[in-house]
Amino acid sequence: MAKVEHNEAIGAAEPQLSEDEEAEDQQPETASSSEVLPVEEGKTTKHPHSDDEEADGEPSANVPSKDPQHTTVVASHYNQLKERGLYERSKSRIFYMRNFNNWIKSILINRYLNKIREKAALGTPLRVMDMCCGKGGDLLKWSKGNITHLICTDIAAVSVEQCETRYKNIIQNDRGSGGGGRNSGQSASTGKVFTAEFFAADATLQRLREKYHDASVELNLVSCQFAFHYCFESLRQAEFMLKNAAECLREGGYFIGTIPDANEIMKRQRAAGSDTFGNDVYKITFLCDTEQPPLFGAKYNFQLDGVVDCPEFLVHFPTLIKLALKYGLRLVEKQRFDEFYSESVQSGRGLIEKMQALETFPGQSRDERERQQNLSEYSHAQGHLDKKGAGGGGRFQKVGTLSKSEWEASTLYMFFAFQKMKTSWDKNGKPIYS
1 MAKVEHNEAI GAAEPQLSED EEAEDQQPET ASSSEVLPVE EGKTTKHPHS
51 DDEEADGEPS ANVPSKDPQH TTVVASHYNQ LKERGLYERS KSRIFYMRNF
101 NNWIKSILIN RYLNKIREKA ALGTPLRVMD MCCGKGGDLL KWSKGNITHL
151 ICTDIAAVSV EQCETRYKNI IQNDRGSGGG GRNSGQSAST GKVFTAEFFA
201 ADATLQRLRE KYHDASVELN LVSCQFAFHY CFESLRQAEF MLKNAAECLR
251 EGGYFIGTIP DANEIMKRQR AAGSDTFGND VYKITFLCDT EQPPLFGAKY
301 NFQLDGVVDC PEFLVHFPTL IKLALKYGLR LVEKQRFDEF YSESVQSGRG
351 LIEKMQALET FPGQSRDERE RQQNLSEYSH AQGHLDKKGA GGGGRFQKVG
401 TLSKSEWEAS TLYMFFAFQK MKTSWDKNGK PIYS
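Numbered according to full-length UniProt numbering, the sequence shown spans residues 1 to 434.
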């Protein structure tokens, strides 16, 4: 991949894969960056409605009364996913989008680990739960984050096994470089070790605390990446998952996650005037009433890069905020991916290049040129170069960007961060949060 010569970027889009990890469980490359030009000006990055209201009014408060059936579908789907090699992944139409989303996660995780350390005494253990960990795509993020202990859990037993295998490989690789011990993962770049435990469970229906090695553990951080939206199949499942996230969080700890932005999805559905919409990278087909979507069970099929994923559910964010308060979780931050990119691109430029989170335009290799044959997907990048080079001298020769379709897919997503409030107890033994 050619290196961008003038440290300039244009927009970005969806998730992950890096020399560290891949985007097995996420939806959703590569150049360094400094200047941001939204790919679809006034379209995918402009939101006339706030996140506290649906685009055309509040959804109905219908709550399905039937027992949840979808979790078995999710488990089966992810258990059947096959590992793909780095070369195969690099040929994907959404390679850079996945890397971009992975960059978002890296910045997010690092931000909140740093917030925790700022308030903790030197040497304080840092314990994390990776809820819906998948195959362990974030293991090296935790290793580089210098955590003390990691709890990995996922609904798909096969994924958990692969996650544990990946963890053991980290140990083995580090041992070969003179690093850590027998029961700990260690990054050769940091020299810090962390212990880990692994188990399969449905976080929307089962109490995770009962499966911990130590049920009295106090967690500093709970992370749920690209999976929390599955719990909005029903009120019961959403409450169960929030309880699992909050129950062992210590006061001041954080619950962070990435989810599809329901407001953005509904805005695009209404703009399309159809229950099916998308582009050549993603397609959404609603399986529920879109005039008055229910608060829970607002189901849609999501197709990414031609592959039909599991059905998913809209997360009505005002409802999430209210439910989270019930378990002592107070919202402290939320942002769409495009907003987060604009805010973080300057400080995260080096990591963007390292993780190939933006694509170099114009490409130099044959593969890169073939990928960029559809010039309409890169007209924003070409226009940016033309504008910057109008003064002569050919200074602006390359930029980092995502294709328009990848950007549209990536900007379907947002992240959130909740903080555990102070807990006291009333005379009846019920928690009071403040």
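Even for Gly, the Cβ is constructed at its ideal location relative to N, Cα and C.
Keep in mind that this is a model prediction, so the values were computed, not measured.
| Check | Outcome |
| --- | --- |
| Integer Cβ distance of H229 from F317, believed to fall under 8 Å | That belief does not hold up - the Cβ atoms of H229 and F317 are roughly 11 Å apart, past 8 Å. |
| Identity of the residue in D338, K267, I151, P260 nearest P311 by Cα | P260 |
| Residue environment, R349, which counts as buried when at least 16 other CB atoms sit within 10 Å | buried |
| Same chain, Cβ closer than 7 Å to L108, five either side skipped, listed in chain order | I256, F415 |
| Element boundaries [alpha helix (DSSP H), containing V319] | As written in the sequence, residue 319 is Thr, which differs from the Val given in the question. Where T319 is concerned, the enclosing alpha helix (DSSP H) stretches over 317 to 326. |
| Residue burial classification, P293 (beta-carbon count within 10 angstroms, cutoff 16) | buried |
| Alpha-carbon spacing of Y327 relative to L242, whole angstroms | 7 Å |
| For D154, the three-state DSSP class (helix, strand or coil) | strand |
| Residue span of the beta strand (DSSP E) that contains F296, given as start and end | Taken as a continuous stretch (DSSP letters only), F296 belongs to no beta strand (DSSP E), as it is neither H nor E. |
| Beta-carbon proximity list for S223, same chain, < 6 Å, skipping 5 on both sides | D130, I256 |
| Validate contact between the region 403 to 420 and the region 269 to 276 using beta carbons, cut 8 Å, 3 pairs | no |
| Classification of A120 by the beta-carbon crowding that lies within 10 angstroms, buried from 16 upward | exposed |
| Spatial distance of E106 from L351 (CA atoms) | In the sequence under discussion, the amino acid at residue 106 is Ser, which differs from the Glu named in the question. When rounded, the distance between both Cα atoms is 9 Å. |
| At least three beta-carbon pairs within less than 8 Å, the region 407 to 424 to the region 369 to 379 | no |
| Three-state secondary structure assigned by DSSP to K387 | helix |
| Beta bridge counterpart(s) of Q225 as assigned by DSSP | T258 |
| Residue from C152, E247, A238 with nearest C-alpha to A200 | C152 |
| Under the three-state DSSP convention, the category T290 falls into | coil |
| CA nearest to the CA of F286, picked from K299, S159, N279, D280 | K299 |
| Any 3 or more C-beta pairs closer than 8 Å across the region 339 to 349 and the region 375 to 383 | no |
| T124 (DSSP reduced to helix, strand or coil) | coil |
| Nonlocal neighbours in the same chain, by C-beta distance under 8 Å from V315, ignoring five residues either side | F228, H229, F232, I259, P260, A262 |
| Close Cβ partners of L331 (< 6 Å) along its chain, the five nearest in sequence each way excluded | I321, F418 |
| Candidates G363, D338, E118, A324: closest to E247 by CA position | A324 |
| Residues that F302 bridges to, as DSSP identifies them | I284 |
| Nonlocal neighbours in the same chain, by C-beta distance under 6 Å from E333, ignoring five residues either side | A417 |
| Span separating the alpha-carbon of H384 from that of G134 | 38 Å |
| Spatially closest choice to K422 from L412, K388, K387, L329, by CA coordinates | L329 |
| Run of the beta strand (DSSP E) containing E333, from where it starts to where it stops | 329 to 336 |
| Element boundaries [alpha helix (DSSP H), containing F232] | Premise fails: F232 is in no alpha helix (DSSP H) and is neither H nor E. |
| Beta strand (DSSP E) segment containing S424, residue limits | 423 to 425 |
| Exposure label - T190; buried when at least 16 CB within 10 Å | Low per-residue confidence applies at T190: pLDDT is 48, beneath 50, and the placement is therefore not dependable, though the value from the model is reported in the following sentence. The residue in question, T190, is exposed, as its Cβ has fewer than 16 Cβ neighbours within 10 Å. |
| Inter-residue CB distance, R127 and N220 (contact presumed, cutoff 8 Å) | 6 Å |
| Three-way DSSP call (helix, strand, coil) for L113 in this model | helix |
| Cβ-based neighbour list, residue 436, same chain, cut-off 6 Å, excluding 5 preceding and 5 following | Any question about residue 436 goes unanswered here, given that the chain covers just 1 to 434. |
| Minimum C-alpha distance to R236 - residue among F226, R207, N173, G389 | R207 |
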